[in-house]
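Right, one structure below, let's go through it.
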Amino acid sequence: MSNSFSIILLTIFLILSFLLVRSYLTGILTAAIFAYVCFPIHHSLSKKIKPGLSAGIIVIAALIIIIGPLAF
-5 MSNSFSIILL TIFLILSFLL VRSYLTGILT AAIFAYVCFP IHHSLSKKIK PGLSAGIIVI
55 AALIIIIGPL AF
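In terms of my numbering, the sequence shown has 41 at position 47, counting the first letter as 1, and numbering is strictly consecutive.
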């Protein structure tokens, strides 16, 4: 009886944990993909212009690419 109760508690804990982490998981995965895609672009741009300026250009381009379709 104690074993089934602990399985029920574990199941409830896992479901609640998933519901709490689910909203953050999308942001974490998006940030990882964004970093993987934008690193080569930033690296090549920072050779030609200042690194801070190239980071700003990438962030503005990403905002346009991500938020732009949501505006329409």
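Positions of the beta carbon are idealized from the N, C-alpha and C atoms, including for glycine.
Host alpha helix (DSSP H) of residue i (start-end)
| i | result |
| --- | --- |
| Ile43 | Premise fails: Ile43 is in no alpha helix (DSSP H) and is neither H nor E. |
Pairwise C-alpha distance: residue j and residue i
| i | j | result |
| --- | --- | --- |
| Ser38 | Gly50 | 14 Å |
| Leu47 | Phe7 | 45 Å |
| Ala65 | Pro45 | 30 Å |
| Ile43 | Leu14 | 41 Å |
| Met(-5) | Ile2 | Because the pLDDT at Met(-5) is just 48, under 50, the model does not fix this residue reliably, and the point stays unresolved. |
| Leu4 | Ile59 | 41 Å |
Problem set entry | Cβ contact check for the region 52 to 59 and the region 16 to 27: 3 or more pairs under 8 Å | no
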